[in-house]
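Each residue of the sequence shown is one higher than the last, beginning at 1 in full-length UniProt numbering.
Taking it in order: structure first as structure tokens, then the write-up.
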Amino acid sequence: MEANANGSKPDVPSAIPESYAVDFTEEDEKLFAELAKEAQIANLRLERLSNATLDPLYRKRNETLRARMPMLWPVAFFNHAELEHRLSLPDDMDALSYLRNVDIKRDDREPRAYQIDFEFEENPYFSNKTLTKNFKYTGSAKATPPEEVTPEHLEFSPDLHLEAEAFKIDWKDGKSLAKAHPPQVDPEGDFMEQGSFFNLFEEKEDPAGIFDTIVEQIYPDVMDYYLGKGEFSAHFEEEDMEDVTDDEEEDEEDDEEEIDLEAPPKKRRRAGK
């Protein structure tokens, strides 16, 4: 808090002035709820229209880049701060090096329910060409045009209306990463460590929301993460922190170099001395 001209700090009121009192009637509450619902409908409509417009373009992008950049998805995953942490096992890193495409299929009734497919080339770990994680919609909404938002869409809750499904990986002999790196749970059965990334396919639940992270952050901006420039890119964040540190150090140096008008001027050194 800045001091006054005389050097003292201004008085801070001990209580909120009466003129600041909140006057919120039942009618105001009803109006506020109506306005909030209108905003919710508008935001949901935009989200649905965005998915309907962009999903085909993303699919076209994936097919176009698949042959040109075979390591697009593995590199993008490892450049994301959260996934870099979750994919720290060397076995996971090697297995994911065979990943060639990621595709998302949304439920026509509720686009926030989705199936994500990981498409692999021949590899030494499993015989599946595609590993799938499905978050099945269990609500009562019907398929509608993207611009049409129904009460069922407004009532959607992931905890109530999504059911995660397990997927069986056909591991090759002696190559099961799920057995080599099982998930760790406490005595009460609560999740502690995921172990191998591939446990997230064979187990129903995704406690850390890794698939949501892939769908919401990496999938739309995979090229940015491939180049290490994504919003949540691990290396980009490190560079940002270095820049912030450098800026702070420069500011401190500038403060130290501020001229003291009351101090006597320093004598200039003559050339040659």
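Quick reminder that beta carbons are idealized off the backbone N, C-alpha and C, glycines included.
Please read all numbers here as calculations on a predicted model, not as lab measurements.
Per DSSP, the bridge partner or partners of S176: The residue you call residue 176 lines up with position 176 of the sequence shown. None, per the DSSP bridge assignment.
For F126, the nearest candidate out of L65, D221, P90 and D173 (CA to CA): As a working mapping, residue 126 is identified with position 126 in the sequence shown. The shortest C-alpha separation from F126 is found at D173.
Residue range of the alpha helix (DSSP H) that includes R59: In the sequence shown, counting from the first residue as 1, residue 59 sits at position 59. It spans E26 to R68 - the alpha helix (DSSP H) in which R59 sits, taken as one unbroken run.
Cβ-based neighbour list, N230, same chain, cut-off 6 Å, excluding 5 preceding and 5 following: Your numbering for residue 230 matches position 230 in the sequence shown. The amino acid at residue 230 is misidentified as Asn; the sequence shows Gly. Only D221 and D224 meet the Cβ criterion.
For R59, the nearest candidate out of L227, Y219, S233 and Y226 (CA to CA): Taking the first residue of the sequence shown as position 1, residue 59 is located at position 59. With distances taken between Cα atoms, R59 lies closest to Y219.
Proximity winner among A164, R112 and E122, relative to A95 (alpha-carbon distances): One-based indexing of the sequence shown puts residue 95 at position 95. For A95, the nearest C-alpha among the options comes from E122.
Whole-angstrom distance between F135 and Q40, CA atom to CA atom: The count along the sequence shown starts at 1 and reaches residue 40 at position 40. The count along the sequence shown starts at 1 and reaches residue 135 at position 135. Each residue's Cα considered, the two are about 23 Å apart.
Nearest neighbour of P111, chosen from K204, E165 and F156 [CA to CA]: Numbered from its first residue, the sequence shown carries residue 111 at position 111. Checked all of K204, E165 and F156; the closest Cα to P111 is F156.
DSSP state of residue 320 mapped onto helix, strand, coil: Since the first residue of the chain shown is 1 and the last is 273, residue 320 is not available in this structure.
For H85, three-class secondary structure by DSSP: Position 85 of the sequence shown, counted from the first residue, corresponds to residue 85. Correct three-state label for H85: helix.
Any alpha helix (DSSP H) of 4 or more consecutive residues that is wholly inside the region 120 to 161: 151 to 154 and 158 to 161
Within 8 Å, strictly: CB atoms of K133 and L200: Counting from 1 along the sequence shown, the entry for residue 133 is found at position 133. Counting from 1 along the sequence shown, the entry for residue 200 is found at position 200. Contact flag set, yes.
Own chain, CB closer than 7 Å to V75, minus 5 neighbours either side, in chain order: For the purposes of this step, residue 75 is identified with residue 75 of the sequence shown, where counting begins at 1. So the list reads Y226, once near-sequence residues are dropped.
Three-state secondary structure assigned by DSSP to G114: Translated into positions along the sequence shown, residue 114 becomes position 114. Inspection of the sequence shows that residue 114 is occupied by Tyr rather than by Gly. In the structure shown, Y114 sits in a strand (DSSP, three-state: E or B).
Span of the alpha helix (DSSP H) around I210: Residue numbering aside, residue 210 sits at position 210 when the sequence shown is read from its first letter. I210 to T213 is the extent of the alpha helix (DSSP H) around I210.
Counterpart residues of H80 in DSSP-defined beta bridges: Residue mapping note: residue 80 aligns to position 80 of the sequence shown, counting from 1. According to DSSP, which records beta bridges pairwise, H80 is partnered with S233.
Contact the region 28 to 48 vs the region 74 to 92: 3+ CB pairs below 8 Å: no
Exposure label - G195; buried when at least 16 CB within 10 Å: Counting from one through the sequence shown, the residue named residue 195 turns up at place 195. Buried, by the Cβ-count rule.
Separation of A234 from R269, as counted between CA atoms: Start at 1 with the first residue of the sequence shown, and residue 269 comes out as number 269. Start at 1 with the first residue of the sequence shown, and residue 234 comes out as number 234. Note on R269: pLDDT 37, under 50, position unreliable in the model; no value is reported.
Same chain, Cβ closer than 8 Å to D103, five either side skipped, listed in chain order: To locate residue 103, count along the sequence shown from 1; it is residue 103. Closer than 8 Å at the Cβ level, and outside the excluded window around D103, lie R59, N62, I116, D117 and E119.
Same chain only: Cβ atoms within 7 Å of Y98, ignoring 5 sequence neighbours per side: Here residue 98 is taken as the residue at index 98 of the sequence shown, counted from 1. F120, E121 and N123.
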